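Asker: After the structure tokens below, expect a handful of questions from me.
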Amino acid sequence: MGEFLLVTIQVEMHDRLVMTLQDELTQSIVKHRARGVLIDISALEIVDSFIGRALGDIASMARILDAETVVVGMRPAVAITLVELGLSLPGVRTALNAERGMALIRQSLSASGRQDGGGSS
Amino acid sequence: MVAVLREETLGIQSDADVVRVRQVTREFAVALGFRLVDQTKIVTAASELARNTFVHGGGGAVLLEALEDGARSGLRLTFTDKGPGIADVARALADGYTTGSGLGLGLGGAKRLSNEFEISSAPGQGTRVLIARWL
């Protein structure tokens, strides 16, 4: 099993910073041969459509680079607002906290490992 | 009668200004006694509209007003730009319609997150969007 990357967003995300995160994270996935990416957004007071889209893009890019992404720590008020906004974060897996997110990644990595080992499709 | 308790105008010329709009909207909402969920909704709506002003309107401004109307209080935000304007407002409000790199949820989403929503725009005339959320 490869390394996990843990990204904790600690600052107010302006749009350019979101794009920088996308760039640096995909580079780090390759550099560290990461199989899992945890993005902790517990410090984020809002997630608007731009940040939501960026999270979805990061998950897609990571998947292409053979890494699983889980977004953890979303605040309840943010979740309520996202649904009303019309954003359901398709393709983004979420977990309540980092521990559960890690378990989710381990689970899906071992499931795909078994599949590979069995030689089926 | 609606009384304005406090008002502030902020310029929107960069994505740092979009962040500033979020912060000041939050300050107003907290001062008015908005619950956390309502704060989050109005701040998210403000973020969407501020980004529209910057990205699509080529920059502009927002007027924030803390309102009192009898027993109820609210927050009104009016975004204005002198950009290219919107030819088909109904279409721009539809989810998924986008001319940029977004998801097309900005205007419709901001409307859903607000109690009041008004938009006026025409090609070459810029755009004015007003939202209000009452406590």
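As given, the protein sequences belong to chains E and F, one line each in that order. Residue numbers for the first sequence follow numbering that gives the first Met the number 0, so the first one is 0 and each next one is one higher. Residue numbers for the second sequence follow numbering that gives the first Met the number 0, so the first one is 0 and each next one is one higher. C-beta: ideal position from N, C-alpha, C; glycine also. The structure displayed is predicted, hence computed values, not measured ones.
Is it the case that the Cβ atoms of E:A76 and F:V36 are separated by a distance below 7 Å?
Answerer: Translated into the one-based positions of the first sequence, residue 76 of chain E becomes position 77. Translated into the one-based positions of the second sequence, residue 36 of chain F becomes position 37. Closer than 7 Å, so yes.
Asker: E:G85 versus chain F: which residues are under 8 Å apart at the beta carbon?
Answerer: For the purposes of this step, residue 85 of chain E is taken as residue 86 along the first sequence, with counting starting at 1. Result: D94, L104, G107, G108, R111.
Asker: Residues in the stretch 1-24 of chain F with C-beta within 7 Å of chain E's C-beta atoms, listed in sequence order?
Answerer: D14, A15, V17, V18, R21
Asker: Could you work out which residues of chain E lie near F:E47, taking near to mean beta carbons separated by less than 9 Å?
Answerer: Along the second sequence, one-based indexing puts residue 47 of chain F at 48. Those within 9 Å of F:E47 in chain E are D47, S48, F49, L84.
Asker: For E:G55, which three-state DSSP category applies?
Answerer: Position 56 of the first sequence, counted from the start, is the residue given in the question as residue 55 of chain E. Correct three-state label for E:G55: helix.
Asker: Would you identify the three-state DSSP class for F:R127, choosing helix, strand or coil?
Answerer: Within the second sequence, numbered from 1, the residue matching residue 127 of chain F stands at position 128. In this structure, F:R127 counts as strand in the three-state DSSP scheme.
Asker: Excluding the 5 residues flanking F:Q12 on each side, which residues of the same chain have their C-beta closer than 6 Å to its C-beta?
Answerer: As a working mapping, residue 12 of chain F is identified with position 13 in the second sequence. Around F:Q12: G58.
Asker: Does F:R132 come out as helix, strand or coil in the three-state DSSP assignment?
Answerer: The residue given as residue 132 of chain F occupies position 133 in the second sequence. Correct three-state label for F:R132: strand.
Asker: Is F:K40 buried or exposed, if buried means 16 or more other CB atoms sit within 10 Å of its CB?
Answerer: By one-based count along the second sequence, residue 40 of chain F stands at place 41. Flag for F:K40 reads buried.
Asker: Grab me the residues of F:T52's own chain with a C-beta within less than 6 Å of its C-beta, minus the 5 sequence neighbours each way, in chain order.
Answerer: As a first step, residue 52 of chain F is located in the second sequence; it is residue number 53 there, counting from the start. Taken in chain order, the residues that qualify are I11, G59, F78, D80.
Asker: Could you tell me which chain C residues have their CB closer than 9 Å to the CB of E:I57, listed as they occur along the chain?
Answerer: You won't find chain C in this structure, because its protein chains are E and F.
Asker: Short check: CB of F:V3 to CB of F:E64, under 7 Å?
Answerer: By 1-based counting over the second sequence, the position of residue 3 of chain F is 4. By 1-based counting over the second sequence, the position of residue 64 of chain F is 65. Yes.
Asker: Please confirm if F:L129 has its CB atom under 7 Å from at least one CB of chain E.
Answerer: Within the second sequence, numbered from 1, the residue matching residue 129 of chain F stands at position 130. No, F:L129 does not count as interfacial toward chain E.
Asker: For a cutoff of 7 Å on Cβ pairs, would you count F:E115 as touching chain E?
Answerer: Indexing the second sequence from 1 puts residue 115 of chain F at position 116. No - not a single Cβ of chain E is within 7 Å of the one on F:E115.
Asker: Could you give the distance in angstroms between the alpha-carbon of F:S72 and the alpha-carbon of F:I85?
Answerer: To locate residue 72 of chain F, count along the second sequence from 1; it is residue 73. To locate residue 85 of chain F, count along the second sequence from 1; it is residue 86. Going from the Cα of F:S72 to the Cα of F:I85 covers about 31 Å.
Asker: Taking F:L76 as the reference, give the member of F:A28, F:V88, F:G56, F:I130 with the closest Cα.
Answerer: In the second sequence, counting from the first residue as 1, residue 76 of chain F sits at position 77. Selected option, being the one with the closest Cα: F:I130.
Asker: With 7 Å set as the bound, which would you pick, yes or no: does the beta-carbon of E:D14 sit closer than that to a beta-carbon of chain F?
Answerer: As a first step, residue 14 of chain E is located in the first sequence; it is residue number 15 there, counting from the start. Closer than 7 Å to some Cβ of chain F, the Cβ of E:D14 qualifies, so yes.
Asker: Are there three or more Cβ pairs, one per stretch, closer than 8 Å when the stretch 84-100 of chain E is compared with the stretch 45-63 of chain E?
Answerer: yes
Asker: To the nearest angstrom, how far is the alpha carbon of E:R34 from that of E:S59?
Answerer: For the purposes of this step, residue 34 of chain E is taken as the residue at position 35 of the first sequence. For the purposes of this step, residue 59 of chain E is taken as the residue at position 60 of the first sequence. Cα to Cα, the separation comes out at about 13 Å.
Asker: Considering Cα atoms alone, identify which of E:F3, E:L37, E:I8, E:R105 is closest to E:H31.
Answerer: Stepping through the first sequence from its first residue, residue 31 of chain E is reached at position 32. Per the Cα distances, E:F3.
Asker: Residues in its own chain within less than 7 Å of E:A42 by CB, not counting five upstream and five downstream?
Answerer: Here residue 42 of chain E refers to the residue found at position 43 when the first sequence is read from its first residue. Excluding residues within five positions, the ones whose Cβ falls inside 7 Å are I8, Q9.
Asker: Could you give the first and the last residue of the continuous alpha helix (DSSP H) run that contains E:S87?
Answerer: Start at 1 with the first residue of the first sequence, and residue 87 of chain E comes out as number 88. Where E:S87 is concerned, there is no enclosing alpha helix (DSSP H), given that its DSSP letter is neither H nor E.
Asker: Going straight from the alpha carbon of F:L9 to that of E:G100, what length do you get?
Answerer: One-based indexing of the second sequence puts residue 9 of chain F at position 10. One-based indexing of the first sequence puts residue 100 of chain E at position 101. The straight-line gap from Cα to Cα measures roughly 39 Å.
Asker: At the 7 Å Cβ level, is F:L134 part of the contact set with chain E, yes or no?
Answerer: Numbered from 1 along the second sequence, position 135 holds the residue referred to as residue 134 of chain F. No, F:L134 lies away from the interface with chain E (no Cβ there is under 7 Å from its Cβ).
Asker: Considering Cα atoms alone, identify which of F:V88, F:A28, F:G56, F:H55 is closest to F:S113.
Answerer: Position 114 of the second sequence, counting from 1, holds the residue named residue 113 of chain F. Ranking F:V88, F:A28, F:G56, F:H55 by Cα distance to F:S113 puts F:A28 first.
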